[in-house]
Amino acid sequence: ATPSGSLAHRDSVFEPLEAQEMLWVLQAVMAPERENTLRSALATSMMGLTALDIETLNNDENAWDAVVEEFDGYRQIWHKRGVMPMLLAV
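Numbered according to UniProt numbering, the sequence shown spans residues 1 to 90.
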């Protein structure tokens with residue numbers, strides 16, 4: 001295989017994961033009060049949190065509430081200014 005052929009193959013492997021992660025983030029922005037949805041988003045590479053970071057949030061109600069509020073802010077940006085400004089804010 002040529003290098004470009006292997007790159008094309010590699011891209012096709014990663015694109016579904018990136019699309020899934022983007023979906024999880026968008027779902028969390030639309031409904032940050034849903035804990036499982038928000039946890040899925042926080043676990044994505046986009047958000048950059050470690051498992052320990054997420055576990056810490058799970059055990060600190062004030063910190064968790066702050067994350068919910070942060071995602072609610074992203075939702076407000078999305079509604080007022082559109083998806084691209086919201087994604088840039090994330």
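Think of the CB as a built atom: it goes at the ideal place given N, C-alpha and C, for glycine as much as any other residue.
Compute the distance between the beta-carbons of residue i and residue j, then report whether it is under 8 Å.
| i | j | result |
| --- | --- | --- |
| V83 | P32 | no |
| L42 | L49 | yes |
| residue 126 | A89 | Any answer about residue 126 is impossible in this case: the structure gives the chain only from 1 up to 90. |
Have a look at residue i and residue j and give me their C-alpha separation to the nearest angstrom.
| i | j | result |
| --- | --- | --- |
| E55 | W24 | 18 Å |
| D72 | Q27 | 11 Å |
| D53 | D60 | 11 Å |
Using a Cβ-Cβ cut-off of 6 Å (strictly less than) and excluding sequence neighbours within five positions of residue i, which residues of its own chain qualify?
| i | result |
| --- | --- |
| M86 | Y74, I77 and W78 |
Whose C-beta lies closer than 7 Å to the C-beta of residue i among residues of the same chain, with five residues either side of it excluded?
| i | result |
| --- | --- |
| S45 | E21 |
| M30 | R75 |
In chain order, what residues of the same chain have a beta carbon less than 8 Å from the beta carbon of residue i, not counting five sequence neighbours either side?
| i | result |
| --- | --- |
| E47 | What sits at residue 47 in the sequence shown is Met, not Glu. Correct list, in chain order: V25, A41 and V90. |
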